[in-house]
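Protein chains in written order, with the numbering used here: chain S, 1 to 262; chain W, 1 to 801. The next block holds one structure in the form of structure tokens; read it before the comments.
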Amino acid sequence: MRNFLTIETSRPRFALFFILLITVAFKTPAGEDYPRQRQALVKAIEDVVIATSSYLDKEALDRRVLDAMRMVPRHLFVPKKLREVAYENRPLSIGYGQTISQPYMVAIMTDLLKPKQDHRVLEVGTGSGYQAAVLAQLTSDVFTIEIIEPLGKKARKRLHKLGYRNVQVKLGDGYYGWEEHAPFDAIVVTAAASHVPPPLVKQLKPGGRMVIPVGGAFAVQQLVLIEKDMTGAISLEQVLPVRFVPLTGKRDECEPDCKNSK
Amino acid sequence: MSPPRLSIALISAAALGYEVLLMRLFSIIQWHHFAYMLISLALLGYGASGSFLTLARHHLLPHFTTVYFINIFLFSLSSVACFIIAQHLPFNPLEAFWDPLQSIWLFTIYLLLSLPFFFAANCVGLSLSHYSTKASHIYAADLLGAGAGSIVIILLLFTVFPEQVLLLFGSLIAISAGLACYELKLHSKWIAGLVVVFVVLPWTVPQEWSKPVISPFKGLNQLLQINGTRIISEQSSPLGLVSVVESLQTPIRHAPGLSVVATQWPVEQKAIFIDGGGMSALTHYDGDRSKLAYLDQMTSALPYHLGRHDHVLILGAGGGSDILQAHYHNADRIDAVELNPHIAELVQQEYKDIPALFSQSGTTTMHVAEARGYISGSDAHYDLIQISLLDSFSASSAGLYALSESYLYTVEAFQDYLQHLNPGGYLAISRWIRNPPRDTLKLFATAIQAQVRLQVEHPALQLALIRGWQTSTLIVKNGMFNDTELNKMRRFCETRAFDIAYAPGTGKVENNRYNRLKQDHFFHAAQAFIGGKGDSFTSDYKFKLNPATDDRPYFFNFFKWRTLAEIVNLRGKGGTPMLESGYLILIVSLTQAILASFILILLPLIVGRRTARPSQLTAARIKGLIYFFMLGLAFLFIEIAFIQKFILFLHHPLYAVSVVLAAFLIFAGLGSAFSNRFAEFTKTARTIRIAVFCITALCLGYLFLVEPLFNELLAYPVTVKIAVTVILIAPLAFSMGMPFPLGLARLNETAPVEIPWVWGINGCASVISAILATITAIHLGFSAVIIFALLFYITAAATLP
């Protein structure tokens, strides 16, 4: 009986605790406030870039890139059940063993491509279509190829619904690029490749840039930037997208010969 | 009445086999490291059983027979059901750093997988309590059963697919109930009926439930998403599930490390996956050598441009790209070594119609063997030893205990390779590039150390390192590089956009030209290592670069504690690939195991009815705790250390693991049975001390004697080596089987209520021991693991309850 009473008297406190617990566990969906979340995400990316600036050789990303990221509704590119976390700075699974990249990586990769309004861009590996949408905000034409049919079809439908009329989605093998629309000012290869497909190098315009993220599904190890100069010569840069100096006690600056070689 | 020894032996055989099977299954479903963590922690089911029996023994013991049978049937049921549920949970270890929900799934899997072990341990623990005067017989049956199980599971995994082994185990476990029925002379139709039901039940499970659900993020599943791809063959062994995939619409083109300026690419290929990952390619070759030109556009092709290559040895033949590369460069004789017989068979089958390769007059001979073992046992000399992108198969992949040992890239291995080179011959090792670099730099340091040990006068003049954006190739020459070779090297790299990170006489101007890095650590590390400043570079570098040795064979351990905080802070800023998760998983597993053990061991002291439990930690009880905990630690420390020592002798991880493990368990079982003669209280202490003395003497003797003995017997056939292994292990294991049952015999006279408690303590200690032994080996080496084990035994003898 005593025990029963104890429980009775402690019930209001218990109820309060329970409500708090529920509130924490199922916090109110902030989904309705996507634009605000998007702004916060871009701000977070800007902060990271400032911290990583010496690695990227710049203080900030191209304003146009960040503006594009402010425009693209990432929550519409992820599965419905993940919308709530769509604006967290992390990669998310989109099914078929594929992911939508971490927004920070999308920003850096897009920036490395130096997109201009009149550029024609090729993307190999459409995935959700998010990267293509960001590029579509910045350039006149985006051509994107997806090898996994259902994923490509979904992305095509999604991009069309969102009004990206300057994006063309092709279903098929990206290894040979897209000959009819070549050459390209920029190419981004997000599909896993064991090497750089030679046809893609060929379809890169003199002065063009190609970016390849290297690493696992949820962790980009490095970004490979391939540049073709006006004479057609190829050079390659391996960019570590993180402010990490493996050697302690050394200055984290680019070596003189590295700068000279650019 | 006698205890149901056969039934207990079968349960223990099934429990050990099930542990290995789960490791195999989860290595296919997830990744090996995570499988290791899942199964290690699941074994805490043993500890949980100890706590449960301590608390509930007063209720359970009066109904021993019923409870025993219920636990067998639950073990049978849960062994299949828990796996099926666990593999269908949406656990994705790759997302562990991003998604907090993953830890809940992980915990659920721990709980699910620990259930079968919990029920199995209940059967043994309950019997130990019920037949407390015959504890040594029960422990003997437990060990002998486990010993047999360790062999049977390997044989089974060679013959049938793991999902079928799972169902077979479900039935086998139920049969142990039938055996118990016979041994306990029960004539119950009910039990007989239930045995039949539980034997049949696993086979009613739909096939798609039990078939491993491979992570969608593994290469195999990613490839299968593409239209027109299909698996054309699957073969399974304890070495891995080998799947071959063909693509009818979109060609597979796998050419890792292909130069960015290459104009040719691979012809038609099939993909080979091991456990759904680690893709390699089986290239279609019709005899037209020009179609293989792309193989000359890789960093690994460099040695073919430097000198003659009449006799080439390829370690880790995989899908055969290296064989084709050697063939393209007109090698006269190619010896290819591949560990996995299924993969060797695939390659031979693919090229059987190419007379230049595998016919009697062909150039190539395939050897199914472990790479390091093959070279140690060979008296041939080669112009080129080629090791490309080969990650070692280690005991861990067989599902037993260890994590990422590799005897391929140790200083001693390099010595072996270099001693098998003709004068002027090359050793070429290619690795994936990681940014910031890790393994390539460690290889460079290892090569120098091996040369120093071989008393090479100018190591720096016999080394070269080139890199593309994707792969690097280290070349060690048996002799000094000359100007012609260096010029050829420059030309090779210039035409393929590769950088020379190091070669004698090349300066900073020649590196970081084509594959530009912000900071060229390849160059700086090479300069430091050849300039005698390797130690300070290694200590300043944020990844561990100290060369691995045979005693500390952890080449893949690059983790340094002091960088952990920095890397964790960089999590959302592109920092996750910096995290060397292998070592961290060990630490996380150990922490979890210690915390859980702490709770499981102390729980019976604070919960439950006061009369039914060992109520408080008295001095005697603390002694008992230490004694049985130390025994649990020591047994596995010795077992694990000797598995590693014998891997180098038997040269096949599977032979080594199976033979050593079975020998340890079986002879310990015999020791336990023999110890019954000394189970009288007055004799126990003396016998335990003698046993510990024998263990100490034998271990110390082996520490010094086995290496010269192994060298003497290097050329003998494997059967002789297995016999020697068993003879060496027998007296040691026999002694190791005694202290536990003798301790129980003492306890039975002083505090029988504590028997299930110490059974649980021993279970917890075993889980901690397996992980702790690996961590100790990483830091101090396997010899130290043995020394620690002896200290544990001596502590146990000193704290006899």
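Built from N, CA and C at the ideal position, the CB exists for glycine as well.
Chain-ordered neighbours of residue i on chain S, where CB pairs are closer than 9 angstroms
i             : result
residue 521/W : 246, 247
residue 543/W : 246
residue 203/W : What residue 203/W touches in chain S: nothing, since even the nearest Cβ is about 31 angstroms away.
Closer than 8 angstroms to chain W by CB, residue i
i             : result
residue 75/S  : no
residue 38/S  : no
residue 237/S : yes
residue 226/S : yes
residue 96/S  : yes
residue 240/S : yes
residue 48/S  : yes
Residue i to residue j span [Cα, whole Å]
i             : j             : result
residue 707/W : residue 786/W : 15 angstroms
residue 134/S : residue 188/S : 12 angstroms
residue 733/W : residue 27/W  : 30 angstroms
residue 484/W : residue 412/W : 31 angstroms
residue 100/W : residue 274/W : 30 angstroms
residue 567/W : residue 579/W : 7 angstroms
residue 789/W : residue 221/W : 43 angstroms
residue 142/S : residue 127/S : 14 angstroms
residue 228/S : residue 205/S : 7 angstroms
residue 604/W : residue 763/W : 15 angstroms
residue 644/W : residue 635/W : 15 angstroms
residue 688/W : residue 623/W : 15 angstroms
residue 799/W : residue 597/W : 20 angstroms
residue 92/S  : residue 104/W : 18 angstroms
residue 184/W : residue 7/W   : 10 angstroms
residue 48/W  : residue 59/W  : 17 angstroms
Any chain S beta carbon closer than 8 angstroms to residue i
i             : result
residue 436/W : yes
residue 517/W : yes
residue 221/W : yes
residue 469/W : yes
residue 105/W : no
residue 31/W  : no
residue 98/W  : yes
Neighbour list for residue i in chain W, Cβ cutoff strictly below 9 angstroms
i             : result
residue 104/S : 572, 573, 574
residue 234/S : 260, 261, 497, 514
residue 175/S : 250, 251, 253, 265
residue 89/S  : 572, 573
residue 243/S : 570, 573, 574, 575
residue 189/S : None at all; the shortest Cβ gap to chain W is about 12 angstroms.
Contacts of residue i in chain S (Cβ-Cβ under 7 angstroms)
i             : result
residue 227/W : 149
residue 262/W : 198
Same chain, Cβ closer than 7 angstroms to residue i, five either side skipped, listed in chain order
i             : result
residue 488/W : 305, 306
Interface partners of residue i on chain W, CB under 8 angstroms
i             : result
residue 221/S : 434, 435, 577
residue 217/S : 94, 217
residue 122/S : Correct list: empty, because the minimum Cβ distance to chain W is about 17 angstroms.
residue 51/S  : 573
residue 201/S : 260, 261
Heavy atom of the ligand MG within 7 angstroms of residue i beta-carbon
i             : result
residue 205/S : Of the ligands one can find in the structure shown there are none, so the ligand MG has no counterpart to examine.
Chain-ordered neighbours of residue i on chain S, where CB pairs are closer than 8 angstroms
i             : result
residue 256/W : 194, 195
residue 759/W : Those do not exist, as residue 759/W stays about 35 angstroms from chain S at its closest Cβ, beyond 8 angstroms.
Cut-off 8 angstroms between Cβ atoms - residues of its own chain near residue i, not counting five sequence neighbours on either side
i             : result
residue 162/W : 21, 24, 25, 28, 212, 236, 241
residue 546/W : 442, 445, 538
Close beta carbons around residue i, own chain, < 6 angstroms, minus the five adjacent residues each side
i             : result
residue 192/W : none
residue 807/W : Residue 807/W is absent from the model: chain W starts at 1 and stops at 801.
residue 300/W : 388, 430, 473
residue 111/S : 61, 62, 65
Original post:
What are the uninterrupted segments assigned as alpha helix (DSSP H) that are 4 or more residues long and contained completely in the segment 422-508 of chain W, given in chain order?
Top reply: Here the runs fully enclosed are 439-453, 483-496.
Subject >> Length-filtered (4 minimum) alpha helix (DSSP H) runs lying within the segment 219-269 of chain W >> reply: DSSP assignment within the segment 219-269 of chain W yields the following whole alpha helix (DSSP H) runs of 4 residues or more, N-terminal first: 219-224.
Subject >> alpha helix (DSSP H) runs contained entirely in the segment 45-123 of chain S, provided each spans 4 or more residues >> reply: With a minimum length of 4 residues, the continuous alpha helix (DSSP H) runs that stay inside the segment 45-123 of chain S are 63-71, 103-112.
**OP:** Would you list, in sequence order, the uninterrupted alpha helix (DSSP H) runs of no fewer than 4 residues that lie entirely inside the segment 155-192 of chain W?
**Re:** The qualifying runs are 162-183.
Subject >> Start-end ranges of the beta strand (DSSP E) lying completely within the segment 552-633 of chain W, minimum 3 residues >> reply: DSSP runs (the beta strand (DSSP E)) wholly in the segment 552-633 of chain W: none.
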